[in-house]
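Protein chains in written order, with this note's numbering: chain R, 2 to 487; chain X, 2 to 487.
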């Protein structure tokens, strides 16, 4: 069994502990804080809820977590030791001295330091070659980036081993080969932080406005492509060199407080353009645009499902432009199936077969069910009061394919609406072309007991009204069919 | 019908055109570039593929797009005029003079300028009060942020009208009330850009490494929370004030080239802490952590489906830790149903009823089908060669609920595997608890013709082998059932 030791708990140490544990390592913690165990277990709760679900396959069996009173006991058997104590160089150096008295000389000692260079950490150490910077980002259990900063004191074999371990626990080791204060990412974060402090001090923007300027704009871009790949696209067909030439003059303008700027020599422009070609040259600008857009659609739709950030803006927009009838009482012709969905197929609903994925048919039918439920008064307020319909059974017939960007429409017929049962038949079209049917049996439940129960009187009356109006409709083709039976 | 005029096409002007058109406005374009029509139509193609699918409801009917040879003709009837000409102040001022000779004096003239202050743009204008900065972010048709920068020359009524129009076309107008070079977002972008130029010039990092430092770390955070809300969480239970005090000393360290730093007075700390309370105080730190994590899981899983950025790392990780058998020839006991899925329920698979959403059952069953297909040799290479199985019919029985973070397992029985037909029966468990069954009829198709066809000989043989081994298994409970029939 592999063993990792965490020196210094808290949010960062706890995040490291979670990564190792959930990837099957045993984890030994040293932290003199009497609250350390509670703090780490709170981080672990968050990690257990979020990390394993990122994987489509089974995770390793979780390792064992133990707490230890001394560093010497904590490092027993550890091949990785992660130090996350406060950012004071003398404190860190003292910790390494104690660690190195007791740990395996082959163990890797990684420091979570945001800013110290590895040579500073190695300074007074017994075995400098054992110490590297492995700088993570909060939440450590979800964000893959680890800045691995090394010096010439670190043997290549040891650096390779460090990369392998980091990769094994699901991280991306970004090997920074030339040390610098604050490594790479924190240089950007610190520049932005200082700029932000000025904006607040000068009364230009509040914390909310600054955060909105990030999360509604370039923050969305940077979740999927960084600075240079994004600007390569902005340069258009002419590429990176064109972008730099276009925005080069701005470097001398007071667009930020950072006025110490390198000269844009031909050499520097060449260097950037060549690196950008090596990075992104395998994709055309058109391809990069399409990749960027489908990534952004995925991100935006994910945030929309959470009703957060840019996704909350999209939800509000839907509410503004929605022209569908809200309640069955307002439906013009209740003797016909009711239109419950009318939308475009999102870019991220297609699969390797190039058409809308089967699960997205059920997602659209589920949306149709939700809409019908809302139209009979089983809306958010009703659900909050303790009643809802759960789907018990579903039968889908896929008749024809549909592609991203095309419009789909679903009409819904109530086959039965009596007591606890709501039997629906959805039909999906693109224009007049039949795409699929969805037959669903829903059962009304009490959310407290999770058992079948009668709906409230208003919902029951609305359901009965639609069921009565739909009773005259012919039974739709395919209703009551079993798989493989025609 | 509402009309918008786009002065200056290209990527930014085209993005504006797309926003207006897809939200039902007529759009009139002026751009002397003979390539303008092609360039705008390329942006429009991207926008039509991506934007409408962000909405769960029907979008307005698209407006009419026309191109015009003169500005005077282009502005006819326009209530919004968007200027996106190159960043040269004299050029912009000339454009406004011509525009103002011909346009409706009540029309809003918005400038896409990245850096000029509105007072500079208004400088020589006939009617300064008509001109504002409305700075968008590429791709304009997907990113909602617009920096709306105004001066005292702009009447409050006009500013309100500008906000309303921007909101109507799906944007978030961030009203910057005190003008400054480069507004807000571009101050951060420019600071990061200058810092990045130094890192490249000094040989610390390449463009790839810089982009990875962004998109594998803080870029993911910034897609959903900005700088201050993120740091509020990092401050932990002690909050924003604690965070500032902890990282305050770094301001004097050379963590970035930006060394011109405001003094962290008590007044500034109070100001930030109070603004942060107003922004995020309605959520506890624990709540913010959970919101952040579910957002990150949604984003990461979205990127994973696209096999891009941090999502590509997750896919590679799955391949490394997957212990499932790859081909039916290697299954130990083929006389039993085959394990095809073994995973955790992701945080973003639950819905308003607090359990795994119905569509995610089909997603998991679809994954089980994909795995079985791969195990009989219908893998990515086979699909690339032109054959695949399409699901024709599905029957799901929801037996019991399951929640995020819990482990689910699916076993798959082949009911029929002959010729073009593959009839599967999936059973989903949490431990020994039966959650659902999924019965699926798949048809082998030629991807060229999109019609039913015989599978290749290797796939056919593998399917036949499993079907023969499963022929002795009892018919599973629920197979062949129709909705509502017991």
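Beta carbons are placed, not taken as given, at the ideal position from N, Cα and C, and that holds for glycine.
Short of 8 Å Cβ to Cβ, which residues in the stretch 306 to 339 of chain R face chain X? 306, 307, 309, 310, 311, 314, 315, 318, 319, 321, 322, 323, 324 and 325
Closest to residue 276 (chain R) by C-alpha separation, out of R:302, R:233, R:253 and R:265, would be which residue? Numbered from its first residue, the first chain carries residue 276 (chain R) at position 275. Ranking the options by Cα distance to residue 276 (chain R), first place goes to R:233.
Hey, does residue 175 (chain R) have any beta-carbon neighbour from chain X nearer than 8 Å? Here residue 175 (chain R) refers to the residue found at position 174 when the first chain is read from its first residue. Closer than 8 Å to some Cβ of chain X, the Cβ of residue 175 (chain R) qualifies, so yes.
Opening and closing residue of the beta strand (DSSP E) in which residue 436 (chain X) lies: The residue you call residue 436 (chain X) lines up with position 435 of the second chain. Residues 434 to 447.
Residues bridged to residue 426 (chain X) [DSSP beta-bridge criterion]: Sequence index remark: in the second chain, residue 426 (chain X) carries index 425 (1-based). Residue pairing by DSSP places residue 426 (chain X) opposite X:414 and X:440 in a beta bridge.
Helix, strand or coil: how does DSSP classify residue 451 (chain R) here? Translated into positions along the first chain, residue 451 (chain R) becomes position 450. It is coil, neither helix nor strand.
From R:481, R:441 and R:417, residue whose alpha carbon lies closest to that of residue 464 (chain R): Sequence index remark: in the first chain, residue 464 (chain R) carries index 463 (1-based). Of the listed residues, the one whose Cα sits closest to residue 464 (chain R) is R:417.
Apart from the five residues just before and just after residue 393 (chain R), which ones in its own chain have a Cβ nearer than 6 Å to its Cβ? For the purposes of this step, residue 393 (chain R) is identified with residue 392 of the first chain, where counting begins at 1. Within the same chain, Cβ atoms closer than 6 Å to the Cβ of residue 393 (chain R) are found at 442 and 444, the five residues on either side in sequence being excluded.
Near-chain X residues of the stretch 105 to 139 of chain R (beta-carbon distance less than 7 Å), N- to C-terminal order: Flagged, chain order: 116, 138 and 139.
If you measure beta-carbon to beta-carbon, which residues of the stretch 466 to 485 of chain X are closer than 9 Å to chain R? So the list reads 480, 481, 482, 483, 484 and 485, given in the order they occur along the chain.
Taking any Cβ of chain R, which residues in the stretch 419 to 433 of chain X have a Cβ under 7 Å from it, in chain order? 424
Does the distance from the C-beta atom of residue 131 (chain R) to that of residue 152 (chain R) stay below 8 Å? As a first step, residue 131 (chain R) must be located in the first chain, where it is residue number 130. As a first step, residue 152 (chain R) must be located in the first chain, where it is residue number 151. Result no, Cβ atoms of residue 131 (chain R) and residue 152 (chain R) do not sit closer than 8 Å.
Could you tell me if residue 491 (chain R) is buried or exposed, where buried requires 16 or more neighbouring beta carbons within 10 angstroms of its beta carbon? This structure cannot settle anything about residue 491 (chain R), because the visible part of chain R is limited to 2 through 487.
DSSP three-state label for residue 374 (chain R), please. By 1-based counting over the first chain, the position of residue 374 (chain R) is 373. Of the three classes helix, strand and coil, the one that applies to residue 374 (chain R) here is helix, per DSSP.
Identity of the residues DSSP links to residue 81 (chain R) by a beta bridge: What you label residue 81 (chain R) is simply residue 80 of the first chain in a count that begins at 1. Residue 81 (chain R) is bridged to R:5 and R:109.
Measure the alpha-carbon distance for residue 459 (chain R) versus residue 380 (chain R) and round it to whole angstroms. Your numbering for residue 459 (chain R) matches position 458 in the first chain. Your numbering for residue 380 (chain R) matches position 379 in the first chain. Distance between residue 459 (chain R) and residue 380 (chain R), taken at the CA atoms: about 12 Å.
Cut-off 8 Å between Cβ atoms - residues of its own chain near residue 383 (chain X), not counting five sequence neighbours on either side: Taking the first residue of the second chain as position 1, residue 383 (chain X) is located at position 382. Contacts found: 389, 457 and 460.
Return yes when the Cβ of residue 420 (chain R) is within less than 8 Å of the Cβ of residue 484 (chain X), no when it is not. Indexing the second chain from 1 puts residue 484 (chain X) at position 483. Indexing the first chain from 1 puts residue 420 (chain R) at position 419. Cβ atoms of residue 484 (chain X) and residue 420 (chain R): not closer than 8 Å.
So who's on the other strand from residue 174 (chain X), going by DSSP bridges? In the second chain, counting from the first residue as 1, residue 174 (chain X) sits at position 173. Paired residue(s): X:147.
Own chain residues within Cβ distance below 7 Å of residue 436 (chain R), not counting five before or after: Start at 1 with the first residue of the first chain, and residue 436 (chain R) comes out as number 435. Around residue 436 (chain R): 400, 401, 403, 409, 429 and 430.
So residue 180 (chain X) and residue 119 (chain X) are supposed to be a Cβ contact under 8 Å. How far apart are they, rounded? Numbered from its first residue, the second chain carries residue 180 (chain X) at position 179. Numbered from its first residue, the second chain carries residue 119 (chain X) at position 118. Yes, residue 180 (chain X) and residue 119 (chain X) are in contact; Cβ-Cβ is about 6 Å, under 8 Å.
With distances taken between CB atoms, is the gap from residue 21 (chain R) to residue 218 (chain X) smaller than 8 Å? For this step, residue 21 (chain R) is matched to residue 20 along the first chain. For this step, residue 218 (chain X) is matched to residue 217 along the second chain. Contact flag unset, no.
Cβ of residue 379 (chain R) within 8 Å of any chain X Cβ: For the purposes of this step, residue 379 (chain R) is taken as the residue at position 378 of the first chain. By this cut-off, residue 379 (chain R) is not an interface position.
Since residue 389 (chain R) is in the beta strand (DSSP E), which residue starts that stretch and which ends it? One-based indexing of the first chain puts residue 389 (chain R) at position 388. Where residue 389 (chain R) is concerned, the enclosing beta strand (DSSP E) stretches over 388 to 399.
Continuous alpha helix (DSSP H) stretch holding residue 132 (chain R): start and end: Taking the first residue of the first chain as position 1, residue 132 (chain R) is located at position 131. Residue 132 (chain R) -> not in any alpha helix (DSSP H); beta strand (DSSP E) instead, spanning 132 to 136.
Reducing DSSP to helix, strand and coil, say where residue 75 (chain X) ends up. The count along the second chain starts at 1 and reaches residue 75 (chain X) at position 74. Here residue 75 (chain X) sits in helix by DSSP.
So residue 191 (chain R) contacts chain X; which residues on that side make the cut at Cβ distance below 7 Å? Walking along the first chain from the start, residue 191 (chain R) turns up at place 190. Correct list: 251, 256 and 257.
Can you round the beta-carbon distance between residue 360 (chain X) and residue 300 (chain X) to whole angstroms, since I take them to be within the 8 Å contact cut? Locating residue 360 (chain X) in the second chain gives position 359, where the first residue counts as 1. Locating residue 300 (chain X) in the second chain gives position 299, where the first residue counts as 1. That pair is no contact at about 19 Å.
Entirely within the stretch 255 to 296 of chain R and at least 4 residues each: give me those alpha helix (DSSP H) ranges in chain order. Listed in chain order, they are 267 to 281.
Under 7 Å from any heavy atom of the ligand NAD, does the C-beta of residue 419 (chain X) make it? Absence of the ligand NAD from the depicted structure is noted, as is the absence of any ligand whatsoever, leaving it without description.
Thinking C-alpha only, which one of R:378, R:84 and R:448 is nearest residue 328 (chain R)? On the first chain, residue 328 (chain R) is found 327 positions in, with the first residue counted as 1. Closest option to residue 328 (chain R), Cα to Cα, is R:378.
Separation of residue 40 (chain X) from residue 16 (chain X), as counted between CA atoms: As a working mapping, residue 16 (chain X) is identified with position 15 in the second chain. As a working mapping, residue 40 (chain X) is identified with position 39 in the second chain. Going by the C-alpha atoms only, they are around 11 Å apart.
Is the CB-CB distance between residue 59 (chain R) and residue 344 (chain X) below 8 Å? As a working note, residue 59 (chain R) is residue 58 in the first chain. As a working note, residue 344 (chain X) is residue 343 in the second chain. Yes. Within cutoff.
Hey, does residue 155 (chain R) have any beta-carbon neighbour from chain X nearer than 8 Å? Position 154 of the first chain holds residue 155 (chain R). Under the Cβ distance rule, residue 155 (chain R) does not count among the residues neighbouring chain X, no pair being separated by less than 8 Å.
8 Å contact criterion, which residue 188 (chain X) and residue 210 (chain R) should meet: CB distance rounded: The residue given as residue 188 (chain X) occupies position 187 in the second chain. The residue given as residue 210 (chain R) occupies position 209 in the first chain. In fact, because the Cβ distance is near 12 Å, the residues do not count as touching under 8 Å.
Using a Cβ-Cβ cutoff of less than 6 Å, which residues in the same chain neighbour residue 326 (chain R) once the five nearest sequence positions on both sides are dropped? Counting from 1 along the first chain, the entry for residue 326 (chain R) is found at position 325. For residue 326 (chain R), where only same-chain residues beyond five positions count, the Cβ hits under 6 Å are 332.
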